[in-house]
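Engineer: Quick one: this structure, given as structure tokens, is what I'll be asking you about.
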Amino acid sequence: MKGWRRRHGVFVALGILLILGSLFWLQARRDQSRLIAIGTRLQVLDSTEWRLNETLLRLRYGLINNYDPANQLLAQMRQARASLAGAMTTLPAMAADWAAYEQASRQREEQVERFKYEAAVIRNSVQFFSHDVHDISRRLTVGGSGEMLRSQVTELSDTVLRLALAVQPGMDDEVGRRMAVLEASLGRAPSALVADLRRLLRHASVVRDRQLRLEQQTQALVHSPAR
1 MKGWRRRHGV
11 FVALGILLIL
21 GSLFWLQARR
31 DQSRLIAIGT
41 RLQVLDSTEW
51 RLNETLLRLR
61 YGLINNYDPA
71 NQLLAQMRQA
81 RASLAGAMTT
91 LPAMAADWAA
101 YEQASRQREE
111 QVERFKYEAA
121 VIRNSVQFFS
131 HDVHDISRRL
141 TVGGSGEMLR
151 SQVTELSDTV
161 LRLALAVQPG
171 MDDEVGRRMA
181 VLEASLGRAP
191 SALVADLRRL
201 LRHASVVRDR
211 QLRLEQQTQA
221 LVHSPAR
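Start counting the sequence shown at 1; every next residue gets the next number (the numbering used here).
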């Protein structure tokens with residue numbers, strides 16, 4: 001009887017160890033599955049952020065003019081972060097990093113809104129500027145002061161449009177010089193064109209003053225801590 005009890009006790013102990021081992025194995029499998037799922041969602045979020053960066057650069061350089069793709073990507077990123085927030089609470093080691101990432105992501109969305117505003121202002125000024133260049137050049141007379149003004153308007157237009165495409169060192173100063181030359185010639189312009197020439201100069205000033213700011217915002221977004 002004692003031998004049976006001893007064997008029975010050993011059997012029970014082994015059974016308990018087996019059950020505990022199975023439970024540990026199942027828990028490890030569940031933990032592994034959860035971590036794999038979190039990793040997959042993080043990869044999707046990272047891929048979406050790269051697509052947002054690409055979209056912002058395309059907007060910045062005029063390759064696309066529609067903000068819908070950027071807005072859709074931002075919405076997808078918000079949803080992805082919301083789906084990850086609960087899972088991250090089960091990973092204390094990542095809590096601080098996740099909180100910092102969430103804060104950086106919210107700041108990034110605010111930066112995107114400022115970027116969109118600056119880009120829209122510049123785009124509108126470039127459109128009005130280009131229209132005015134064409135209209136003024138058409139109305140200026142051939143020869144004399146008309147030819148001189150047409151040349152100055154063309155030179156200013158070339159410089160402003162190059163700056164609108166991409167910021168280059170010294171380009172804003174060159175725009176300022178072209179503006180000063182044209183402004184100094186307003187006294188020789190036909191009175192019917194003076195108001196139009198001043199409006200042209202205002203649009204050139206908007207592009208010059210805001211383009212560098214937009215470039216800085218673009219670089220800040222692409223290299224955001226949320227990345």
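Backbone N, C-alpha and C define an ideal beta-carbon position, used for all residues, glycine too.
Mind the definition here: the segment 135-154 touches the segment 109-125 only if three or more C-beta pairs lie below 8 Å; say whether that holds.
Structural biologist: Too few Cβ pairs lie closer than 8 Å, so no.
Engineer: Under 8 Å, with one C-beta from each stretch per pair, do the segment 75-84 and the segment 33-51 reach the 3-pair mark?
Structural biologist: Yes: the two stretches touch, three or more of their Cβ pairs being nearer than 8 Å.
Engineer: Which of the three DSSP states, helix, strand or coil, is assigned to Val121?
Structural biologist: Here the question's residue 121 lines up with position 121 in the sequence shown. In this structure, Val121 counts as helix in the three-state DSSP scheme.
Engineer: Cβ atoms of Leu212 and Val167: under 8 Å apart, would you say?
Structural biologist: Translated into positions along the sequence shown, residue 167 becomes position 167. Translated into positions along the sequence shown, residue 212 becomes position 212. Closer than 8 Å, so yes.
Engineer: What residue range is occupied by the uninterrupted alpha helix (DSSP H) comprising Arg188?
Structural biologist: Sequence index remark: in the sequence shown, residue 188 carries index 188 (1-based). Arg188 -> no alpha helix (DSSP H), and no H or E assigned at all.
Engineer: Give the single residue among Arg58, Val121 and Gly176 whose Cα lies nearest to the Cα of Glu155.
Structural biologist: The residue you call residue 155 lines up with position 155 of the sequence shown. Per the Cα distances, Gly176.
Engineer: In three-state terms, what does DSSP make of Ala104?
Structural biologist: For the purposes of this step, residue 104 is taken as residue 104 along the sequence shown, with counting starting at 1. Helix, per DSSP.
Engineer: Could you say if the segment 54-67 and the segment 205-221 meet the contact criterion of at least three C-beta pairs nearer than 8 Å?
Structural biologist: The segment 54-67 is in contact with the segment 205-221.
Engineer: Roughly how far, in whole angstroms, is the beta-carbon of Arg210 from the beta-carbon of Val121, given that I think they are within contact range, below 8 Å?
Structural biologist: For the purposes of this step, residue 210 is identified with residue 210 of the sequence shown, where counting begins at 1. For the purposes of this step, residue 121 is identified with residue 121 of the sequence shown, where counting begins at 1. Their Cβ separation, rounded to whole angstroms, is 6 Å, which keeps Arg210 and Val121 in contact under 8 Å.
Engineer: From what residue to what residue does the alpha helix (DSSP H) around Gln265 run?
Structural biologist: Because the chain in this structure spans residues 1 to 227, residue 265 falls outside the shown range and cannot be described.
Engineer: Output needed for Glu118: all residues of its chain with C-beta closer than 7 Å, excluding positions within five of it in sequence on either side, in chain order.
Structural biologist: By 1-based counting over the sequence shown, the position of residue 118 is 118. These residues qualify, in order along the chain: Arg210, Arg213, Leu214 and Gln217.
Engineer: If you draw a straight line from the alpha carbon of Val133 to that of Gln127, how long is it in whole angstroms?
Structural biologist: By one-based count along the sequence shown, residue 133 stands at place 133. By one-based count along the sequence shown, residue 127 stands at place 127. Taking the straight line joining both Cα atoms gives about 10 Å.
Engineer: Below 8 Å between beta carbons: does that hold for Val160 and Ala195?
Structural biologist: Here residue 160 refers to the residue found at position 160 when the sequence shown is read from its first residue. Here residue 195 refers to the residue found at position 195 when the sequence shown is read from its first residue. The answer is no: Cβ separation not under 8 Å.
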